[in-house]
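S.K.: One structure coming up, written as structure tokens, with questions to follow.
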Amino acid sequence: MTTPSDPSYPAHWEADVVLRDGGTARIRPITTEDAGRLVSFYEQVSDESKYYRFFAPYPRLSDRDVHRFTHHDYVDRVGLAATVGEEFIGTVRYDRIGPDGRPASAPADEAEVAFLVQDAHQGRGVASALLEHIGAVARERGIRRFAAEVLPANNKMIKVFTDAGYQQKRSFEDGSVHLTLDLEPTAESLAVQRAREQRAEARSVQRLLAPGSVAVIGVSRSGGGVGAAALRNLRDSGFRGHLYAVNEAATADLLDGVRAYRALGDIDAPVDLAVIAVPAARVPEAVAACGEHGVQGLVVLSAGYGESGPAGLDRQRELVRQVRSYGMRLIGPNAYGVINTAPEVALNASLTPAPAPIRGRIGLFTQSGAIGISLLSALLRRGAGLSSFVSAGNRADVSGNDILQYWYEDEATDVALMYLETLGNPRKFTRLARRTAAEKPVVVARGGGRHTPAGHVVPGTGLADTTVSALLRQAGVIRVDTVTELVDVGLLLASQPLPAGPRVAILGNSESLGVLTYDACLAQGLRPAVPLDLTTAATPQDFRLALGAALASAENDAVVVTVIPWVNEQTPQDDLAAALRDAVAGRPGKPVAVVHVELAELVDALSPAGVLPGAGTRTGPVRPGPRGVPLPGTPLQHPGTPHPDTAAPAAGGTGSGEAPDVRIPAYPAAERAVRAVAEAVRYGQWRRANADAGQVPAYEDIDEAGAAARLAGLLADAGDRVLTLTEPDAGALLAHYGIRVLPTLPAPTADDAVSAARTLGYPVALKTTAPHLRHRADLGGVRLDLATEADLRRSYEELTDLLGTPAELQPVVQAMVPRGVDTVVRSVIDPAAGAVLSFGLAGVASELLGDTAHRLVPATDRDAAGLIRSIRAAPLLFGWRGSDPVDTAALEELLLRLSRLVDDHPEVVGVTLEPVVVATEGLRVLSATVRVARPPARTDLGPRTLPSY
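Encoded structure:
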């Protein structure tokens, strides 16, 4: 008898998943308490589906069937159910079988698998999700293959198997299709799984951002409070769908001009999105009403959750469980809200007063409401528009990862801006960001550093903030330090093409400002040309000609224009803006940024005035700019590509005397403009390099099965402990992956040292291995090039006289290796980021100066090459000051082999190879430390699942 409270119940198999249509379901093991649910589920399945499952008419389950399908040992017989609320919507089970097809136990590694999905939920991806999870369970229990019998007419189920991406065999026997699936994950199965994850999570966000109807729960009759503010903003933004107000004390048909109801259940129409603004104690009641009404998603503005302390955190966890039990997604709690400026939606379900931000091409995600307000205001002041905005508060459910999934395929979003206080799943975030950044820029500002804001539940990380930043940049993320930089960089990327290189032309009417810009370019690693001083007498026509020439020159990749006020103030700033925009329109293809001093009106003038094509579908008045200038509503251009809603200007100008529809970002300081240009240059370089992402090499001498068997033996009695392997065990494990550790022989006495030297052959090294002296040659614990027995005995005596007894020093003898550069190679499993590969030079460079580079595992050949070249001390490997270059190809191979070991075997939680002596030909690993532990139940390669908080 197994129940959820039974110690043998595998609770780690429970998971929340997003289905194909964006709804959620919970997958969990079936227990003996599920008999009633199973019978009810079966009664709702059509006769046709029952026939496909049992190959014969099977109108009802017998008592014996119910017992069989609810009693499992969770080893040889396993059943999983997909549930919404308390009801089953799909089931899957496997039974381990032997070669004769009869029930069996381990070591039999094949199982028969069968599915049944309620007809009303077919087509939602339930069976595909169940297959992923039952496959992971089977692998955990030592099952390597699934066998399935399917009727030829059951095309849907055949497609579930054939589309999974596993290696499979298919045959037709006795009137049925016989399928055999190899459960070992493949590149194809992983790609299928992640593509399904992307589509499902993107769809779940789309349902939140493009609802056909919205209900605001908690609207006060007085017109005050959060709920009333959210309702007014929805109404005044011109929301295109149906809008409802809910207040249990409502006495009129209308609240703030919106149809009002005393309860959500009184609304006799579907509600897609509910905005909840009631006290935290009453939120569960509101969530239950939403679930019963079939609401698809929630925005919970209410506070009093994780940010308020331990009791609030428990309340937050229960909120997530309740929301997901109804198949809904949640933004919040403690959220600021969401905005979608698409004209067919016009959604402002936030606390931002209407009218909502203008339509544009920037997507914005924040966790902090206060930072969200600041970013929205900054973008508004500088004439930028948004495609969508999400401020997730405590992000207990929907997170930045979900929004990235949505933006990846959202044609309305060209640039993704994110303010993140925490990274709940950095490994997944970097994976999604890499894929998104290959299509559109992802700019991230991280707040909080190592501090976790109240209300955010994330796995702890042992990585320094600089390491996380390096990993983000590896994934193509543009990492900035402040919200000001976030806006600066976002504006440039949203309106300008990517630069082809780092060459920057500088021109303007101030020599001093030009010099400041020149110095800022050098500080950012750019290659600026000598500034062109147009003098203070320059006219708009002079600027137009100079900018046009700079853009036409093949010597420049970007241009920075510097402007100070004219002394006579007779030159209108609109004229200058028109001249600059006309020059850019005549020579498109290169980015331009403007640095101005006390010319605030130039910022507005450099943006097209008025409501332009693509924005005219909005309702309500045009939102005025800071000085009454109407802000533009045209969609921003994708870098280098005109947006279809914006007519491309003719070369040389518009021909009408009006400034062309060109947007040029302006900055009040040279450093800010140059930083934005530099980030665009680096991103462009990453994009070009990422076009060839590299490969994970396959080495024929790798013995993956042998390593797995050795790890299984080492961990057989380990329990939950992390083991540090002995030197022989570490060397043997690494040898399975072609990593050879130079042997050492113990030397507890001088005679033992001499015997060891005879075995290894002179010359030898004598080293201490005591923890406090390990790798500390500076303390005298290492003696090298001992060519004779006399040298060895003398060094042994000196070592023990100086540093301690042999028992304390634990001396060893090792053969000498060719001279080279001492390096250190590490890999560590971080609970948040996953497996990380690190490289640096041994000693002061990495330990004191922190000169270490990092890459995510699995590393490609391009990653390995970039890793060894990205440390500051890299010249020492390539012939610095006339020295011989070392064998970097061998070093890259070592890095790739270690990456493969850690990626193939999650049991390996830490490896340190130090020192690795890289010579002109080959390398030698002199010492290795390996730590192993039982792998986590779920990894990034496991079945897709929502995070559990």
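If you count by this note's numbering, then the sequence shown holds residues 67 to 1015, one letter each, in order. Ideal Cβ placement from N, Cα and C applies to all residues, glycine included. This structure is a prediction, so every number in the text was calculated from the model and none was measured.
When you compare each of ASP131, HIS838, GLU80 and PRO941 to GLU874 by their alpha carbons, which one comes out closest?
M.R.: HIS838
S.K.: Identify every run of the alpha helix (DSSP H) within the region 342 to 369, keeping only runs that are complete inside it and at least 4 residues long; order them along the chain.
M.R.: 349 to 359
S.K.: Please state if the CB of ARG748 and the CB of ASP554 are separated by a distance shorter than 8 Å.
M.R.: no
S.K.: My guess is that ALA355 and LEU330 are in contact by the Cβ rule of under 8 Å, so how many angstroms apart are they, rounded?
M.R.: Between LEU330 and ALA355 the Cβ distance is about 4 Å, and since that is below 8 Å, they are a contact.
S.K.: Report the residue ranges of all beta strand (DSSP E) runs contained in full by the region 847 to 931; include only those spanning at least 3 residues, in chain order.
M.R.: 848 to 852, 877 to 881, 887 to 896, 900 to 907 and 918 to 922
S.K.: Tell me whether ARG425 sits in a helix, a strand or coil according to DSSP, three-state version.
M.R.: strand
S.K.: Just list the alpha helix (DSSP H) runs in the region 284 to 320, keeping only unbroken ones of 4 residues or longer that don't cross its boundaries, in chain order.
M.R.: 291 to 302
S.K.: Would you say the region 772 to 791 touches the region 613 to 623, given that touching needs at least three Cβ pairs under 8 Å?
M.R.: no
S.K.: From VAL1010 to SER465, what distance separates their C-alpha atoms?
M.R.: Checking the displayed sequence, the identity of residue 1010 turns out to be Arg instead of Val. Going from the Cα of ARG1010 to the Cα of SER465 covers about 15 Å.
S.K.: Where do the ends of the beta strand (DSSP E) carrying ARG787 lie?
M.R.: Premise fails: ARG787 is in no beta strand (DSSP E) and is neither H nor E.
S.K.: Do ARG390 and ASP82 have their C-beta atoms within less than 8 Å of each other?
M.R.: yes
S.K.: Ordered along the chain, which non-local residues of its own chain (more than five positions away) have a Cβ less than 7 Å from that of PRO76?
M.R.: PRO95 and TYR140
S.K.: Can you list, in chain order, the residues of its chain with a C-beta nearer than 7 Å to that of ALA939? Leave out the 5 residues immediately preceding and following it.
M.R.: LEU907, ALA911 and ASP917
S.K.: So, for SER861: in the same chain, excluding its five sequence neighbours on each side, which residues have a beta-carbon less than 8 Å away from its beta-carbon?
M.R.: LEU832, ARG849 and LEU852
S.K.: Please state whether DSSP places PHE181 in a helix, a strand or coil.
M.R.: Looking at PHE181 - three-state DSSP - the assignment turns out to be strand.
S.K.: Looking only at DSSP bridge pairs, what is GLN234 linked to?
M.R.: LEU247
S.K.: Pick helix, strand or coil for LEU832, following the three-state DSSP scheme.
M.R.: Here DSSP, grouped into helix, strand and coil, assigns LEU832 to strand.
S.K.: Compute the distance between the beta-carbons of GLY429 and SER454, then report whether it is under 8 Å.
M.R.: yes
S.K.: For THR815, which residues of its own chain have a beta-carbon under 8 Å away from its beta-carbon, when the five flanking residues on both sides are left out?
M.R.: PRO872
S.K.: If you run the structure through DSSP and keep just helix, strand and coil, what is HIS802?
M.R.: coil
S.K.: What separation, rounded to the nearest whole angstrom, lies between the Cα atoms of LYS222 and VAL509?
M.R.: 41 Å
S.K.: Mind checking ARG236: buried by the 16 CB within 10 Å criterion, or exposed?
M.R.: exposed
S.K.: Going straight from the alpha carbon of ALA253 to that of GLU855, what length do you get?
M.R.: Straight-line spacing of the CA atoms in ALA253 and GLU855 works out to 56 Å.
S.K.: Pull up the distance between the alpha-carbon of LEU791 and that of ARG260, whole angstroms please.
M.R.: When rounded, the distance between both Cα atoms is 35 Å.
S.K.: Indicate whether ASP786 and ARG1000 have their beta-carbon atoms separated by less than 8 Å.
M.R.: yes
S.K.: Checking 8 Å against the spacing of the C-beta atoms, do ARG190 and ASP338 come in under that value?
M.R.: no
S.K.: Assuming ALA805 and LEU964 are in contact, meaning their beta carbons sit under 8 Å apart, how far apart are those beta carbons, in whole angstroms?
M.R.: For the sequence presented, residue 805 should be read as Ile rather than Ala. With 8 Å as the limit, ILE805 and LEU964 qualify as a contact, their Cβ atoms being about 7 Å apart.
S.K.: What residue does the beta strand (DSSP E) around VAL628 start on, and which one ends it?
M.R.: A quick correction: the sequence has Thr, not Val, at residue 628. Element bounds for THR628: 624 to 629.
S.K.: Nearest to LEU989 by CA position, among VAL366, PRO277 and VAL891, is which residue?
M.R.: VAL891
S.K.: When the Cα of GLY435 is compared with those of GLU766, TYR160 and THR418, which residue comes out closest?
M.R.: The shortest C-alpha separation from GLY435 is found at THR418.
S.K.: Would you kindly check if the distance between the Cβ of HIS187 and the Cβ of ILE155 is under 8 Å?
M.R.: Less than 8 Å separates the beta-carbon of ILE155 from that of HIS187.
S.K.: Using the beta-carbon count (16 or more within 10 Å), is GLN233 buried or exposed?
M.R.: exposed
S.K.: Buried or exposed for PHE944, please, with buried defined as at least 16 other CB atoms from any protein chain shown within 10 angstroms of its CB.
M.R.: exposed
S.K.: Output needed for VAL756: all residues of its chain with C-beta closer than 8 Å, excluding positions within five of it in sequence on either side, in chain order.
M.R.: Inspection of the sequence shows that residue 756 is occupied by Asn rather than by Val. ARG500, ALA503, ALA504 and GLY542.
S.K.: Pairing CB atoms from the region 811 to 830 with CB atoms from the region 875 to 885, are three or more of them under 8 Å?
M.R.: yes
S.K.: Return the chain-ordered list of same chain residues with a C-beta closer than 6 Å to the C-beta of VAL788, the five sequence neighbours on each side being excluded.
M.R.: Taking C-beta separations shorter than 6 Å and ignoring five residues to either side along the sequence, the partners of VAL788 in its chain run ARG997 and ALA999, following chain order.
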